[in-house]
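Start counting the sequence shown at 1; every next residue gets the next number (the UniProt record's numbering).
Every residue gets a Cβ at the ideal spot worked out from N, C-alpha and C, and that includes glycine.
Working notes for the structure below.
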Amino acid sequence: MATSSHKLLAQSPLLLLHKSTTASQLLQIHAQLITRALFADPFAASRLLLAICDLSSSPSTHLSPSYADLVLSQIPQPNTFSWNTIIRFHSRSSNPVKAILVFARMRRDGVLADHYTYPFLLKACALMPELKEGVAIHADVLKKGFYENLFVINGLISFYCRSGELASARKLFDGFQWRDSVSWNSLMAGYVNCGDIEEARKLFDVMPARDAFSWAILIDGYGKKLGDVRRARDLFDEMPDKDLACWNSMIDGYVALGMIGPARELFDVMPGRNVISWSILIGGYVRHGDPKEALALFQQMLSEGVRPDKICAVGAVSACSQLGTLDRGRWIHSYLKKNNIKLDVVVQTALIDMYVRCGDLDFARLLFDRMPKKSIVTWNVMMVGLGTNGFGREAVELFYKMETEGAPMDDLTLLAVLTACAHASLLPEGQEIFDRMTGFGVHPKAEHYGCLVDLLGRAGRLHEAKQVIEAMPVKPSASLWGSLLAACRTHGCVELAEVSAEQLQKLGADDGGVHVLMSNVYAAEGMWNEVLKMRKLMSARGMKKEIGRSVVEVDGSVHEFVNGDGAHPRKEEIYAVVCNLSKAML
């Protein structure tokens, strides 16, 4: 027997729904609703389904998306709200086609769609590779008489814009008289995403009323899409009431162009900041080679009481990876756990990469093995870590485990395992994997051929390596000939070394490093006249080998050393220690 909504709200299971934060709690409430004969009521069932969908969207709850489908199938007579809830849930998932399948079931059951149903469906259609599903929904909108509904029309405009069908979107926009700011902004964003900034500007100039989002769209278009940061800044300065989103868009535009200085200046004068502001700038420092400043900014953010989000956490962890600061990385990892910041696949992958790069391979593998779900990037990072740390055979074993589990692979996966084979001189394994590449759905690129050349070169099979380079279907890069040249030096093959150096010269890669290698090849064979010629040639051309640099963490501080640089504040103490060590070795 159905119970009124007001009476149901007095029942404790429903009152607890909005407080449920774990899968276990929701399962208990579900059981209580069934036990108390409340689940048969459409209102109660729809509220439970909404809570399940909201919780299933969070990766930290480990609640299977199929559970929401199961609950829907158990509701005796789902109302439109329940159908819309599950359609919306799937429209935001990694498999949006399920939203269309649910809609088909809804129609078979004789439940009528409303003006909320279609926008959810159209959002799912925008994520699909083909237009046909969205066009079919458009036809259904016409058939069911929703063509005058603003909410539905905005959904259609957004769908066509996201699908790159600007002509169809514009036709809908021009033919609809009750447009609102969402209509204008959707079409303007469509033009920006397709690179037609000028058409977006024309719309902006004739808008009857602009909101903050309108300004942010165009600022983002000028800054990030067009790369015209001056026009973006002019528009930003013209904006009467700047909201936080526009400040962030302008900073993001500077960061995208590598203009970190102006980005920081704008950041420092912001009237207010949110976690997105911090994340943009921290990520900018990481991407543009200043991880020390990224960590300093992250520390400042924490001191101001701002809770980092996933993007910010990844930026800070990546900065530790670049610097090799294991202690700082461990501290950030501990902070994230203590403050209950979600360690989803992206964050955990960044942590694994950090531990790998900082030399703690055991803990990296422990994190990897404990992950319930792994992305392609996760597998690749772990494989690269094993290979670069001298565990090539373990990297190959991980690759075969990946194959056994049916995990998807990409060209970077194959590059990781082939590089591991090359570093460990696992020629048979490397050749077998290379020969099977197309079976994994990956066609060899120059980088993969480079690994095979490296493998053959390390094994002393130099002429086979040369044949691979000459027979490969893609144009050989300088790195391939450089790999062969390095192998020639190792195995003392002057003739092939000269061929490799000649090819590098043709490719415009005859830099100081190549001349140093050739000089070493000649020296190893006692060809001192050739060594002298090479040194004179380098001197005449002003060539120098690229200066090496090292980074070390001491007591939480990062120190960088460059060959020949005397700028370190404690250089006298450092040189004194080096001198004492040199004497002790005599």
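If you draw a straight line from the Cα of Arg179 to the Cα of Trp278, it comes to about 35 Å. Residue state for Gln77 is assigned as coil, using DSSP reduced to three classes. Counting only the Cα atoms, Val111 lies some 17 Å from Leu49.
CA-to-CA, the gap between Ala422 and Pro271 works out to about 54 Å. Shown here, Val377 sits in a helix according to DSSP, grouped into three states. Within the same chain, and ignoring the five residues on either side of Gly482 in sequence, no residue has its Cβ closer than 6 Å to its Cβ. Leu427 has its alpha-carbon roughly 10 Å from the corresponding atom of Cys451. For Met259 and Leu150, the gap between their C-alpha atoms comes out near 41 Å. A direct Cα-to-Cα measurement between Ala524 and Glu447 gives close to 29 Å. Exclusion of the five residues before and after Glu165 leaves Leu131 as the residues of its chain whose Cβ lies within less than 8 Å of its Cβ.
Taking 8 Å as the upper bound for CB-CB distance, Val275 and Val317 are not in contact here, some 16 Å apart. DSSP, reduced to helix, strand and coil, places Leu150 within a helical segment of the structure shown.
One Cα belongs to Phe213, the other to Leu172, and the distance between them is close to 21 Å. For Gly284, the uninterrupted alpha helix (DSSP H) run begins and ends at Val275 to Arg287, by DSSP.
In this structure, the straight-line span from the alpha carbon of Gly508 to that of Val384 is close to 30 Å. For the pair Gly221 and Ala200, the CB atoms are nearer than the 8 Å cut-off. Per the coordinates, the alpha-carbon of Leu326 lies some 11 Å from the alpha-carbon of Ala319.
Check the Cα spacing between Ala124 and each of Gly460, His138, Val97 and Met106: the tightest is with Val97. Under the three-pair Cβ rule at 8 Å, the segment 498-506 does not count as touching the segment 528-537. For Glu502, the enclosing alpha helix (DSSP H) stretches over residues Val494 to Lys506. Counting C-beta atoms within 10 angstroms of its own C-beta, Trp331 has fewer than 16 neighbours from the protein chains shown and is therefore classed as exposed. Judged by DSSP secondary structure, Val192 falls within the alpha helix (DSSP H) whose first and last residues are Ser181 to Asn193.
Sequence-distant Cβ neighbours of Gly190 in its own chain, meaning closer than 6 Å and more than five residues away, are Cys161, Leu166 and Ala169. Contact annotation: the segment 354-371 does not touch the segment 400-412, with fewer than three C-beta pairs closer than 8 Å.
The beta carbons of Ser181 and Ala216 sit no closer together than 8 Å. Counting only residues of its own chain and dropping the five nearest sequence neighbours on each side, Met437 has a CB closer than 8 Å to the CB of Leu414, His443, Pro444 and His448. A straight line joining the alpha-carbon of Leu366 with that of Tyr285 spans about 29 Å. In the three-state reduction of the DSSP assignment, Tyr116 falls in the coil class, being assigned neither a helical nor a strand state.
Taken through DSSP and simplified to helix, strand or coil, Ala424 comes out as coil. Around the C-beta of Ser64, fewer than 16 other C-beta atoms lie within 10 Å, and the residue is accordingly described as exposed. Around the beta-carbon of His90, 16 or more other beta-carbon atoms lie within 10 Å, marking it buried. Distance from the CA atom of Ala68 to the CA atom of Ile341, rounded to whole angstroms, is 25 Å. Of the other Cβ atoms in all chains shown, 16 or more fall within 10 Å of the Cβ of Asp41; this residue is therefore buried.
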